[in-house]
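Enquirer: Can you keep this structure in mind? I'll have questions shortly.
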């Protein structure tokens with residue numbers, strides 16, 4: 028592309044942030060290059076300087092400066108049949124307002140540096156008769172498995188985004204931890220601050236509260252813990268479990284000085300978004316996501332029961 032190009036924002040991209048729009052349509056464009064183009068005012072939206080966090084509106088015009096051919100893709104890139112079948116196989120709930128997926132561990136929600144295969148790139152396969160693809164309204168970590176809720180239109184996206192931001196939805200996680208919390212249930216109040224790729228406990232950090240309950244344990248060696256985050260800090264449950272001395276099995280960021288591997292237990296993260304209660308928005312909608320095989324196999328190997336008391 029030798030000349031600047033004007034691209035009109037589609038209805039399906041209404042409300043999407045500018046940086047995510049570029050990740051969707053120009054996934055090979057290096058992040059550093061995108062940041063430079065934004066910083067030097069070469070990318071404009073309706074004639075004004077584009078900002079990373081700018082929320083786009085359908086019909087707006089994006090001015091894209093000359094970008095070398097190798098970073099461009101078709102605006103209507105087709106999802107492979109394999110990926111379409113795969114993403115549809117993850118659907119565990121669907122109605123006129125939302126879709127819920129049971130995301131496997133290891134699959135990213137959104138793209139980024141060196142992350143080309145992710146849920147955001149497959150959403151067009153989940154239209155199910157709608158003109159627009161469903162929209163992301165929250166995220167879970169790449170290595171965390173479990174429930175990911177999608178909104179089927181902009182109205183529901185706005186409702187859910189607000190609810191997740193204000194922590195008005197009850198989310199329940201299951202975690203297999205090394206060791207066993209001293210108390211069988213309790214509340215972890217430990218403020219967190221994001222430093223690099225981790226969240227650390229600091230006195231003047233942001234408020235972070237996690238309720239937990241030990242569902243079963245193997246003496247003081249392992250425990251299955253139910254965790255309910257009352258706030259939504261980055262890696263909150265992972266950081267809080269490490270803080271009380273019971274890090275999550277398979278966690279490569281929050282396991283003290285060195286992560287352990289255990290015979291008979293696959294080397295994956297054992298944190299699962301198990302339940303979400305949406306009934307304060309959608310009547311009687313409560314969703315449960317089955318544990319992944321590696322998690323079930325580990326519990327069976329250790330003789331732990333995941334039934335809630």
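Residue numbers (my numbering): 28 to 336. Just so it is clear, CB atoms sit at the ideal spot from N, CA and C, and this is done for glycine as well.
1. Specify the secondary structure class of residue 129 as computed by DSSP and reduced to three states.
2. Exposed or buried, which one is residue 33 when buried takes at least 16 other CB atoms within 10 Å?
3. Whose C-alpha, out of 87, 68 and 85, is nearest the C-alpha of residue 79?
4. Kindly indicate which three-state DSSP category residue 89 falls into: helix, strand or coil?
5. Please state if the CB of residue 132 and the CB of residue 319 are separated by a distance shorter than 8 angstroms.
6. Between residue 137 and residue 65, which are expected to be in contact by the criterion C-beta below 8 angstroms, what is the C-beta distance as a whole number of angstroms?
7. Would you say residue 201 and residue 325 are within 8 angstroms of each other, going by their C-beta atoms?
8. Write down every uninterrupted run of the beta strand (DSSP E) in the segment 211 to 249 whose length is 3 residues or greater and which is fully enclosed by it, in chain order.
9. Using DSSP with H/G/I as helix, E/B as strand and the rest coil, what is residue 185?
10. With distances taken Cα to Cα, identify the nearest neighbour of residue 220 among 303, 259 and 40.
11. Quick one: residues in its chain with C-beta nearer than 8 angstroms to the C-beta of residue 213, no 5 flanking neighbours on either side, listed in chain order?
12. Could you pull the DSSP bridge partners for residue 199 from this structure?
13. State yes or no: is the C-beta of residue 164 within less than 8 angstroms of the C-beta of residue 148?
14. So residue 130 packs on residue 167, CB below 8 angstroms; how close in whole Å?
15. Ordered along the chain, which non-local residues of its own chain (more than five positions away) have a Cβ less than 8 angstroms from that of residue 42?
16. Identify, in the order they occur along the chain, each residue of the same chain with its Cβ nearer than 6 angstroms to the Cβ of residue 197, setting aside the five sequence neighbours on each side.
17. In this structure, what does DSSP give as the bridge partners for residue 120?
18. Just curious, the alpha helix (DSSP H) that residue 59 is in, first and last residue?
19. Between which two residues does the alpha helix (DSSP H) harbouring residue 45 extend?
20. State the CB to CB distance for the pair residue 302 and residue 314, rounded to an integer number of angstroms; the pair is presumed to be in contact (CB under 8 angstroms).
21. Give the secondary structure of residue 32 by DSSP, where H, G and I count as helix, E and B as strand, and everything else as coil.
22. When burial is assigned at 16 or more other CB atoms within 10 Å of the CB, is residue 263 buried or exposed?
23. Can the beta-carbon of residue 208 be found less than 8 angstroms from the beta-carbon of residue 252?
24. Rounding to the nearest angstrom, what Cα-Cα distance links residue 300 and residue 334 in this structure?
25. Using a threshold of 8 angstroms, state whether the C-beta atoms of residue 127 and residue 175 are closer than that.
26. What are the partner residues of residue 275, as DSSP defines its beta bridges?
27. Could you spell out where the alpha helix (DSSP H) holding residue 326 opens and where it closes?
28. What are the boundary residues of the beta strand (DSSP E) that includes residue 178?
29. Determine the contact status of residue 74 and residue 36, defining contact as a CB-CB distance below 8 angstroms.
30. Within 10 angstroms of the Cβ of residue 327, are there 16 or more other Cβ atoms? Answer buried if so, exposed if not.
Expert: By the coordinates alone:
1. strand
2. Of the residues assessed, residue 33 falls on the exposed side of the cut-off, its CB having fewer than 16 other CB atoms within 10 angstroms.
3. Taking each of 87, 68 and 85 in turn and checking the Cα distance to residue 79, the smallest one comes out for 68.
4. strand
5. yes
6. At roughly 18 angstroms, the Cβ-Cβ gap does not stay under 8 angstroms, so residue 137 and residue 65 are not in contact.
7. No. Outside cutoff.
8. Fully enclosed beta strand (DSSP E) runs of 3 or longer: 212 to 216, 219 to 222, 225 to 228 and 236 to 245.
9. In this structure, residue 185 counts as helix in the three-state DSSP scheme.
10. 259
11. 238 and 239
12. 302
13. no
14. 7 angstroms
15. 82, 83, 84, 162, 181, 184 and 185
16. 304
17. 127
18. Residues 58 to 66.
19. 45 to 52
20. 7 angstroms
21. strand
22. buried
23. Yes, the pair counts as a contact, with Cβ atoms nearer than the cut-off.
24. 15 angstroms
25. With contacts defined by Cβ atoms closer than 8 angstroms, residue 127 and residue 175 form a contacting pair.
26. Residue 275 pairs with 204.
27. 320 to 329
28. 172 to 178
29. Taking 8 angstroms as the Cβ cut-off, residue 74 and residue 36 do not qualify as a contacting pair.
30. Counting Cβ neighbours within 10 Å, residue 327 comes out exposed, since fewer than 16 surround it.
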